[in-house]
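In structure tokens:
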């Protein structure tokens, strides 16, 4: 706080900037911002709670902190159900120089990713049915490489095809709090276009990246993991 | 900004938190905080100037921003003439994690501990005589850390070396009711731990951890405890 | 809704439906459904109200054109063409009573539905890709400060470890009171000192073993004296203090002090 004194006449904003944090600003806000800044990766409320003193109302601290940071160049956001700081959306122009030019996905990969996201869990055959064209192994490989999709199980159907879904990294990359926040999802749902022509009884009109297998899914088998496809699948008994 | 609306009655601070940044907060502050937040390393003012719109008074922006962050959990600091965000110094405790790491005692430590257990009270020189190998300071330190041995007195001999014995914690860790439960010569032979022909006169002592000093021991001196060696030694008169 | 400029096709969208493209580039399409969708867009109506009959005509015309320029068409384009021709004929003919399977109307509706679904997912894909992306538009902390992990060791040992260590240690010590006789070794330093003393007096060639005769009496010393002396001789030769000469393998080794500057004669080659 002593630093505030060094603000002198040529400051750009009014004097009260220096004491904008009333002395009563709860210490918890300091703790949470330190934790999240230091971590770099999103932390869930459970983790935060475990690191904070007993009895802190984490949810309310998060709300306060989010409001504090909303107008700033760094925002507090919730992705994949966890909290993290991110640069503000509108500052991409400023920071673009920092980015390693991400490999641009092909149109086929884009569409395949969208189908996996909106229709998950979905098999390759179902993706092909929607696109009306074969999905090449290469396209799936490219998407696997991004870490945004994962094979999540096998469909209880002839041939027991792999089912694909999105990952936590997908949510983090696209800044989604949950899969239900996919853009345009409500619209798609409303027009009934998500139901598609999947075998009746199998199709569930809402995408879900919940790791719990659907009724029509079997767990991955040990062999599936040897493909290097699945990063880590906990076999469920 | 819309988030501010969600702040309701159970907020911890007064309502004006949400608009603590007057609309006039200069955009430059947002830009600089985003730049510094995203940068992988501290940035100097020259670099900042080159990334900011023409004509920004970087020095004054830095002063403002530093003052703003001073009371926070994250501070704006200058390292080697460059600017970076760092979690506040006083929160180091928050960012450290204690973890217990099970570690097996080395063979040397096991031998030394066993010799202390059987031959106590015993000095370092005596341990070396029995082992035929020097006992490193590190080995004694590790054993002290376990809490299984303690310096119990000083031998009435030239140099007045420390004598070591085992503690209650030793008995507890090894599930012994009393030190006398350590197997003797016959038992060691019976279990095959000692085998083959042993020279006549080979003996295994009957261990005793009686705290009473022997005739050839002097009590510890106050200074002995300052060595940090003895965790809690009750000075005995 | 999605604009058309995203189609990587040489078929200009401006072309009216009755003007088949002259340049036919199937490469630009992601399969027959994609092609159909593009053609459907040219009808400039809501996909729900699309004329499947007109669409079938457009598609068949396109395929015809492609064949004229002898373009290799993937089989699925031809399968779609055959199916559309069949659908077209069904749509044109009056429905027969009691015909098995779905009606032509149903099939047309199903096709329209598929096209709508493809278009919907395309729009969704665009919306998704258009979102601010991490590492491209938005960034996380560039230099996270790792949590310091302070590891507190918890020492473990079992009674078995302890007793084994003790027993083995005691036993080893009890049995290890063997003494090895100290080996006599002539060190390099000793050898050199002796050589310098003996050679220092003479500039004549002399035999190494004769120089050393008094040291070679004890048979147990013979090997070490010879080895160390020879090594010292080589070292002194390297330093330019000695000259050495051996007539042939296993022959006696001669040496003498090096003559300074005078270049004294050597008997034979060196």
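Residue numbers (the numbering used here), protein chains in the order written: chain D, 2 to 238; chain A, 2 to 238; chain E, 56 to 325.
We treat Cβ as the ideally placed atom computed from N, Cα and C, and that holds for glycine.
Does chain D have any CB closer than 8 angstroms to the CB of residue i?
| i | result |
| --- | --- |
| residue 117 of chain E | no |
| residue 96 of chain E | no |
| residue 187 of chain E | yes |
| residue 173 of chain E | yes |
| residue 74 of chain A | yes |
| residue 184 of chain E | yes |
| residue 86 of chain E | yes |
| residue 126 of chain A | no |
| residue 195 of chain E | yes |
| residue 81 of chain A | no |
| residue 157 of chain E | no |
| residue 161 of chain E | no |
For chain A, check one thing: does any of its Cβ atoms lie closer than 8 angstroms to the Cβ of residue i?
| i | result |
| --- | --- |
| residue 276 of chain E | no |
| residue 221 of chain D | no |
| residue 326 of chain E | Since the first residue of chain E shown is 56 and the last is 325, residue 326 of chain E is not available in this structure. |
| residue 171 of chain D | no |
| residue 86 of chain D | yes |
| residue 113 of chain E | no |
| residue 212 of chain D | no |
| residue 218 of chain E | yes |
| residue 303 of chain E | no |
| residue 228 of chain E | yes |
| residue 179 of chain D | no |
| residue 191 of chain E | no |
Within 7 angstroms: the Cβ of residue i and any heavy atom of the ligand ATP?
| i | result |
| --- | --- |
| residue 95 of chain A | This structure does not include the ligand ATP; it has no bound ligands of any sort. |
Can you tell me whether residue i is helix, strand or coil according to DSSP?
| i | result |
| --- | --- |
| residue 300 of chain E | strand |
| residue 138 of chain A | helix |
| residue 50 of chain D | helix |
| residue 86 of chain A | strand |
| residue 306 of chain E | coil |
| residue 105 of chain E | coil |
| residue 104 of chain A | strand |
| residue 124 of chain A | strand |
| residue 225 of chain A | helix |
| residue 242 of chain A | Any property of residue 242 of chain A remains undetermined from this structure, which presents chain A solely from 2 to 238. |
| residue 155 of chain E | coil |
| residue 273 of chain E | coil |
| residue 182 of chain A | helix |
| residue 235 of chain E | Caution is warranted here: a pLDDT of 48 is assigned to residue 235 of chain E, below 50, making its placement in the model unreliable, and no coordinate value can be reported. |
| residue 113 of chain D | helix |
| residue 42 of chain A | coil |
| residue 173 of chain D | helix |
| residue 168 of chain D | coil |
When the cut-off is 8 angstroms and only beta carbons count, does residue i lie next to chain E?
| i | result |
| --- | --- |
| residue 116 of chain A | yes |
| residue 165 of chain A | no |
| residue 131 of chain D | yes |
| residue 112 of chain D | yes |
| residue 147 of chain A | yes |
| residue 77 of chain A | no |
Hey, how far is the Cα of residue i from the Cα of residue j?
| i | j | result |
| --- | --- | --- |
| residue 102 of chain E | residue 84 of chain E | 19 angstroms |
| residue 308 of chain E | residue 108 of chain A | 54 angstroms |
| residue 220 of chain A | residue 211 of chain A | 14 angstroms |
| residue 327 of chain E | residue 280 of chain E | Past the edges of chain E, shown from 56 to 325, lies residue 327 of chain E, and the structure says nothing about it. |
| residue 213 of chain E | residue 31 of chain D | 46 angstroms |
| residue 202 of chain D | residue 175 of chain E | Reliability of the predicted coordinates at residue 202 of chain D is poor, the pLDDT of 45 falling under 50, and the value obtained from them is presented with this limitation in mind. Going by the C-alpha atoms only, they are around 22 angstroms apart. |
| residue 173 of chain E | residue 156 of chain E | 25 angstroms |
| residue 223 of chain D | residue 122 of chain A | 58 angstroms |
| residue 25 of chain D | residue 186 of chain D | 42 angstroms |
| residue 218 of chain A | residue 157 of chain A | 5 angstroms |
| residue 76 of chain A | residue 61 of chain D | 23 angstroms |
Closer than 6 angstroms by C-beta to residue i: which residues in its own chain qualify, once you throw out the five before and the five after it? Chain order, please.
| i | result |
| --- | --- |
| residue 116 of chain D | 128, 131 |
| residue 22 of chain A | The predicted model places residue 22 of chain A with a pLDDT of 49, which falls under 50 and marks its position as unreliable; any figure quoted below should be read in that light. Cβ within range, chain order: n/a, list empty. |
| residue 46 of chain A | 59 |
| residue 179 of chain A | none |
| residue 214 of chain D | 154 |
Give me, in chain order, the residues of the same chain whose beta-carbon lies closer than 8 angstroms to that of residue i; leave out the 5 immediate sequence neighbours on both sides.
| i | result |
| --- | --- |
| residue 311 of chain E | 254, 257, 258, 259, 260, 261, 297, 298 |
Identify, in the order they occur along the chain, each residue of the same chain with its Cβ nearer than 7 angstroms to the Cβ of residue i, setting aside the five sequence neighbours on each side.
| i | result |
| --- | --- |
| residue 305 of chain E | none |
Can you list, in chain order, the residues of the stretch 32-53 of chain D whose Cβ is nearer than 7 angstroms to any Cβ on chain B?
The structure shown has no chain B; the protein chains it does contain are D, A and E.
Which runs of the alpha helix (DSSP H) at least 4 residues long sit entirely within the stretch 238-265 of chain E? Give them in chain order.
243-254
Every unbroken beta strand (DSSP E) within the stretch 167-232 of chain E, with a cutoff of 3 residues, ordered by chain
203-211
Which residue spans inside the stretch 88-150 of chain E form an unbroken alpha helix (DSSP H) run of at least 4?
107-123, 130-147
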